[in-house]
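Engineer: Numbered by the numbering used here, the letters in the sequence shown go through residues -13 to 739 in order.
In this text, a Cβ means the ideal position worked out from N, Cα and C, and glycines have one as well.
Nothing here was measured: the structure is a model prediction, and the numbers come from that model.
Got a structure for you, questions after.
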Amino acid sequence: MTANSHSSYDHLKRELERLSHLRTSEPRIPSVSVHYITKQQLKELWTLSKILQVLRKHPSSAAVSVECVRAGYLRVFSLLVWCGEAHEIREFTNYDIDDSKFPLRQLPQNFVNHEHLTRLFHKIRHQQWIFFPLFVRPQQLKSTIEEVGRILPIQKEVLIKKVHDVAVYKTWLDPDCCEEDSPPKLDDKVIVVRKVYIGIKHKSMYDREELAYQKLQRRQCEHIVHYYGSFTLEQGGEQPSLHNLLLEYVDGVNLEDFFSQTQPPSNLQELLNFWGGFEGIFQALHHMRSMQQDLIEVVHQDLNPLNVMVCGNRGLKDKLHLKVTDFGHSSTADQSESGSKLLDMMGGKKFGAPETYRGPSNEWLNHGPSSITTAADVWSAGGMISDAAAWVHGGTRARQDYNERRVKEVKLRPAFGGVPCFHNGVSPLGAVDAFHSKIRKSLPSYDREITESILSLVENSMLLSDVNKREVPRGICSHLVKILESASLGFETSSRDDEIAKPAPERPKPRQEMSRDAAVKYYNDCKKHGSIPDPEVQKTVNTLRANLGDRDFIFLIDTSGSMKQYEERMRITLLIYAYIAKNIDQDGRLEVYFNSQTKLKQYRTSRAVIRDLAHQEWNSLGFERIFSDFIDHLLHRLRKPEPWPPKKQSVFVFTDGRWSGLDNVKHHIRRVIRAIADQDLGRTQVSIQFVSFGTDPKNIGQLQELDNFGRKEVLGMDIVDTKPYDSDVCAVLYGALVEELDKVDESEDSGEE
C-alpha cells in the first residue's frame, strides 16, 4: 500500500477515535481499553460516498461492493480502517468472515498457511474489541464464554449487595448494544440487574440459576423476574472468571424490606391490596409446575421474603405486584433429557419444608430423600403467608415475637441449630398453631373474615406434613381469589354473632371513565411515533389491567347480511376494543370468532383482527346457529379437570340483534349459567356483553330482554349485559361483572321488583 493511500485512512481513523470516546464502559480491568463504538454509530458515520472512497484506494478492495459492506461487514470494515488495513476487506468477504463471526478467538481456518493473513489476524485481534462490545440479545446470549478483552457496554453501575463471592449490581446498559425492547427501554435507558458469581466456589449455584431461568423463559410469567442472558467473562492470569446473569431490574424492594419499611394495613382496601399480591406467588409456582407440559419442572427451594420483590414503591395504595427471584438453590428437571430429575439442593432452612431439612448431627434427617417435588415450595409459601399474617396482626414487632416463639421451640431440638423454621422435622411447630390462634383473636372489625380464612388455607392446604396432601399452587390461588372476592363484594364466608358488622362501604356510582372518542384518540396516540397518550386515559387502562388482566377476552362478531351496513362503525369499535383488550390481558392474546369461520382464531395484534374483518362475507350463517357452536366451545373451556380451575372469560358479542330465535339464544346462555353453578365457579366466571349496532326497536328489545333474564329465570345469576357500540368503553369492558354498570342502560321495568 502506498504512503499516499495510508494517509487517506488517517482522517477516517481519527473519526473513529472520536466516536470511541463518546462511549465509555465502566472499567473492569485497568489495562483494557473501555472505549467502544456501537454499530449504530458506524451506520451514521459510513455514508455510501465514504465507503466508496476507501474501497477505491486499492485494486483488491475496489471489487467489493458498498452494499456488501453495509449489509454484513460494517464493523469488520471499520476495524480494518482503524488498523490501516482496509484494502484487506476482500479477504474477509471472500471467506464469509462477516460481523457475525466476530470477535475472532483463533486464526480462521482459511487464513492458515497464509503468512500475511496470519500477521493481519494478530494485528486486528487485540483491536477488535472496540468494535464488538457485548450485545445483549436474549435468544443468543446463553452460556457464552467471553474473552478477557470483551467490553461490557455498561454506562453506569451501582452495587446493590455482595454476599461472599456473589455480587448484585444495578446496571445501566448502552441501549445501542441491546436488542430492541429486550431488555425493555424506559426513557431511553436500559436498566438490568447484573448478578455475578465470582470464581469457581459458587459455580454450581450459577449453573442451577442459569438453567432455571433459561427453561422458564420459554413462556414468560409476570411474577418471575425476566432473564435477558448469561455469560462467563474470563479475566486472564490468576484472576477468577466472572459468571454473569442479566436479569430484570425491579424498581422496588424485597418483601423483607417492605415489612420493615411499611405500616400494616389499616383498612379493608389496604388489606385486600396486601393479600391480593400473594396471588402472584402462586401464579409463579403454578408456572414453574405447569411447565410440565413442556417436559420441564422447576422447584425453587429457597422461597422466602428476601427472594420476593415488591414492584413499585406505593406501599398499600395499590395491589402488590410480587415477583419471585433468586433460583440459586433451584432444581430443574427436563424429561426430554435422560436421567434428569428434581433433586434436593438444600435450600433455605427457615422457610424450608420438613422433607428438605438437614440438621447438623441429626442422623435420621441427614439420611432423608435426595429427590424433591414442587410441594416443597408450597410449604415455603405457607410459611411466608403465616409470617405475613403476623405482620398484618402487629407489624414488625409481632413478626419478631412470632420468630422468637419458634426459636424457643426449636432450641429444644439441638440438631436444628436454632433456625426459626415452621416445623419440627415432621409437622408444624406448636408455636405456629398458637400464634395463628392469637392472630384470630385480635382481628380488627374490617378484617372479620379475610386473614382468618387465609390462615385456614395455610393450615389445611400448605403446612401439611404429608407432601401428597398439599394443594397445588393453582388450586391455592383459586381459593385465595375467592376469599378476597367475597370480602371485596361485601359477602361473609362465615357468621360471627359476637360482632356487629359495619355497613358495607357505598360502591362508587358508575361514571364515564373512557368515552369512545377518548379510546380512539388513545389508540392513535399509542400508534403515532412520539405521541404520548392522555395520562388520565392511560391511568384508566392501567386500572382495567389491574382489575381484568386475569381474564380471557373473546370477541364473537355477527357477520350476517344485516350487519354489512355497520361495517365501518364496527371496524373502528372492534379496533379500539381489541387493542385495549390485548394490552390489559396478561397473555397479550386476542380470540375472535366470526360467523363465516368455523372455529375460534387467535391473534397477536388488533390490526390482524381488522384485516380479517375486511375479508368477511356478510351473508354467512344465521347468528343463532353460530352462537350455539360458540357456546359449545365456551363450555368446553369450563370443563377443566380438577384441581385446575378454568380461567375467567369475558365475551363480547358484536350484533344488531336481528335474529329470529331469541329463545334459542336464551337456552344457550342458560347452559352457561348452569355450568357455572354446577362447578361452583362464581357469577363472574363468565360475562357475556352484547355490543349493539343499529336502532331498530324490535332488535334492541330482544337484546334488552337478554340483559337481565338470568337473574329472573336461572339460579338468580345475571351474566349478561347489553350496551350500544358508542357507550362508555369501561362500562362495556366491565359489563355484567359490576351490577351497577349492568343496570345503567336497562329499562325501568326490567329490574327486579
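According to DSSP, is PRO489 part of a helix, a strand, or is it coil?
Structural biologist: Interpretation of PRO489 is limited by its pLDDT of 35, a score under 50 that renders its predicted location unreliable; no figure is taken from the coordinates.
Engineer: Is it true that the CB of ASN290 sits closer than 9 Å to the CB of SER366?
Structural biologist: Cβ distance < 9 Å, so SER366 and ASN290 count as in contact.
Engineer: Find out if the Cβ-Cβ distance for the pair ILE462, MET370 is shorter than 9 Å.
Structural biologist: It is not a contact, given that the beta carbons lie outside the stated cut-off.
Engineer: Is the beta carbon of GLU445 less than 9 Å from the beta carbon of ASP419?
Structural biologist: Against a cut-off of 9 Å, the Cβ pair of ASP419 and GLU445 comes out as a contact.
Engineer: CB-CB under 7 Å to GLU74, same chain, minus the five flanking residues each way: which ones, in chain order?
Structural biologist: Result list for GLU74: LEU66, LEU106, in chain order.
Engineer: Per the DSSP calculation, CYS407 is bridged to which residue(s)?
Structural biologist: Answer by DSSP bridge pairing: none, since CYS407 is not bridged.
Engineer: For LEU308, name the three-state secondary structure that DSSP assigns.
Structural biologist: Residue state, collapsed to three classes: strand.
Engineer: Return the chain-ordered list of same chain residues with a C-beta closer than 7 Å to the C-beta of THR10, the five sequence neighbours on each side being excluded.
Structural biologist: Correct list, in chain order: VAL20, HIS21.
Engineer: With a threshold of 8 Å, are at least 3 pairs of Cβ atoms found where one atom belongs to the stretch 140 to 158 and the other to the stretch 178 to 187?
Structural biologist: As far as the Cβ criterion goes, the stretch 140 to 158 touches the stretch 178 to 187, which means the pair count is three or higher.
Engineer: If we ignore side chains and look at the alpha-carbon of each, how far apart do LEU(-2) and ARG91 end up?
Structural biologist: If you take the alpha carbons of LEU(-2) and ARG91, they lie about 27 Å apart.
Engineer: I'd like to confirm the pairing. Which residues does DSSP put opposite MET295 in its beta bridges?
Structural biologist: MET295 pairs with ASN240, LYS309.
Engineer: What are the complete alpha helix (DSSP H) segments, minimum 4 residues, inside the stretch 88 to 130?
Structural biologist: You should have 101 to 111.
Engineer: The beta strand (DSSP E) with VAL144 in it runs from where to where?
Structural biologist: It spans 140 to 149 - the beta strand (DSSP E) in which VAL144 sits, taken as one unbroken run.
Engineer: Please specify which runs of the beta strand (DSSP E), each continuous and at least 3 residues long, are wholly inside the stretch 578 to 614, giving them in chain order.
Structural biologist: Runs of the beta strand (DSSP E) inside the stretch 578 to 614: 587 to 589.
Engineer: Output the distance between the C-alpha atoms of PHE430 and ARG644, rounded to the nearest integer angstrom.
Structural biologist: What sits at residue 430 in the sequence shown is Pro, not Phe. Those two C-alpha atoms are separated by around 54 Å.
Engineer: Considering ALA361, what are the terminal residues of the alpha helix (DSSP H) in which it resides?
Structural biologist: Unbroken alpha helix (DSSP H) run through ALA361: 361 to 396.
Engineer: Are there three or more Cβ pairs, one per stretch, closer than 8 Å when the stretch 385 to 404 is compared with the stretch 247 to 264?
Structural biologist: Touching, no, given that fewer than three Cβ pairs across the two stretches are closer than 8 Å.
Engineer: Among MET549, ILE566, ASP571, whose alpha-carbon lies nearest the alpha-carbon of LEU534?
Structural biologist: When only C-alpha atoms are compared, the closest one is ASP571.
Engineer: Here's a check: name, in chain order, each residue in its chain whose Cβ is nearer than 7 Å to the Cβ of MET500, leaving out the five neighbours to either side.
Structural biologist: Hits under 7 Å: VAL523, THR526, ASP714, VAL715, CYS716.
Engineer: Closest to ARG759 by C-alpha separation, out of GLN113, SER474, GLN249, GLU603, would be which residue?
Structural biologist: Summary: the structure shown does not reach residue 759, with the chain confined to residues -13 through 739, and so no result is reported for it.
Engineer: Considering only the alpha carbon of each residue, which of GLN602, ILE540, TYR235 lies closest to ARG590?
Structural biologist: Of GLN602, ILE540, TYR235, the residue nearest in Cα terms is ILE540.
Engineer: I want to know whether the stretch 655 to 665 touches the stretch 555 to 562 - three or more CB-CB distances under 8 Å.
Structural biologist: No: the two stretches stay apart, fewer than three of their Cβ pairs being nearer than 8 Å.
Engineer: Could you tell me if ARG460 is buried or exposed, where buried requires 16 or more neighbouring beta carbons within 10 angstroms of its beta carbon?
Structural biologist: Buried.
Engineer: Can you tell me where the alpha helix (DSSP H) with LEU257 in it begins and where it stops?
Structural biologist: Unbroken alpha helix (DSSP H) run through LEU257: 254 to 263.
Engineer: Roughly how many whole angstroms lie between the Cα atoms of TRP377 and ARG383?
Structural biologist: Going from the Cα of TRP377 to the Cα of ARG383 covers about 8 Å.
Engineer: List the whole-angstrom C-beta distance separating SER745 from LEU228, where the pair is believed to meet the contact cut-off of C-beta under 8 Å.
Structural biologist: Since the first residue shown for the chain is -13 and the last is 739, residue 745 is missing from the structure and cannot be characterised.
Engineer: In this structure, how does DSSP classify HIS73 when only helix, strand and coil are distinguished?
Structural biologist: Three-state result, HIS73: helix.
Engineer: If you check the beta carbons only, do LEU586 and VAL578 fall under 9 Å apart?
Structural biologist: Contact flag set, yes.
Engineer: In chain order, what residues of the same chain have a beta carbon less than 7 Å from the beta carbon of SER168, not counting five sequence neighbours either side?
Structural biologist: These residues qualify, in order along the chain: PRO124, TYR214.
Engineer: CA-CA distance, GLY70 and GLY222?
Structural biologist: Taking the straight line from one Cα to the other gives about 28 Å.
Engineer: What's the C-alpha gap between VAL285 and ASP707?
Structural biologist: The straight-line gap from Cα to Cα measures roughly 43 Å.
Engineer: By DSSP, does GLY338 sit in helix, in strand, or in coil?
Structural biologist: Coil at GLY338, not helix or strand.
Engineer: For LEU34 and PHE117, I'd like the C-alpha separation in whole angstroms.
Structural biologist: So the two alpha carbons sit approximately 20 Å from each other.
Engineer: Which residues in the same chain as LYS550 place their Cβ atom closer than 6 Å to its Cβ, once the five residues preceding and following it in sequence are excluded?
Structural biologist: Result list for LYS550: TRP604, in chain order.
Engineer: In terms of alpha-carbon separation, which member of THR24, SER451, SER413 lies closest to GLU165?
Structural biologist: Out of THR24, SER451, SER413, THR24 has the C-alpha closest to the C-alpha of GLU165.
Engineer: Taking the alpha-carbon of HIS379 as reference, which of LEU172, THR342, ILE37, ILE425 has the nearest alpha-carbon?
Structural biologist: Closest by alpha carbon: ILE425.
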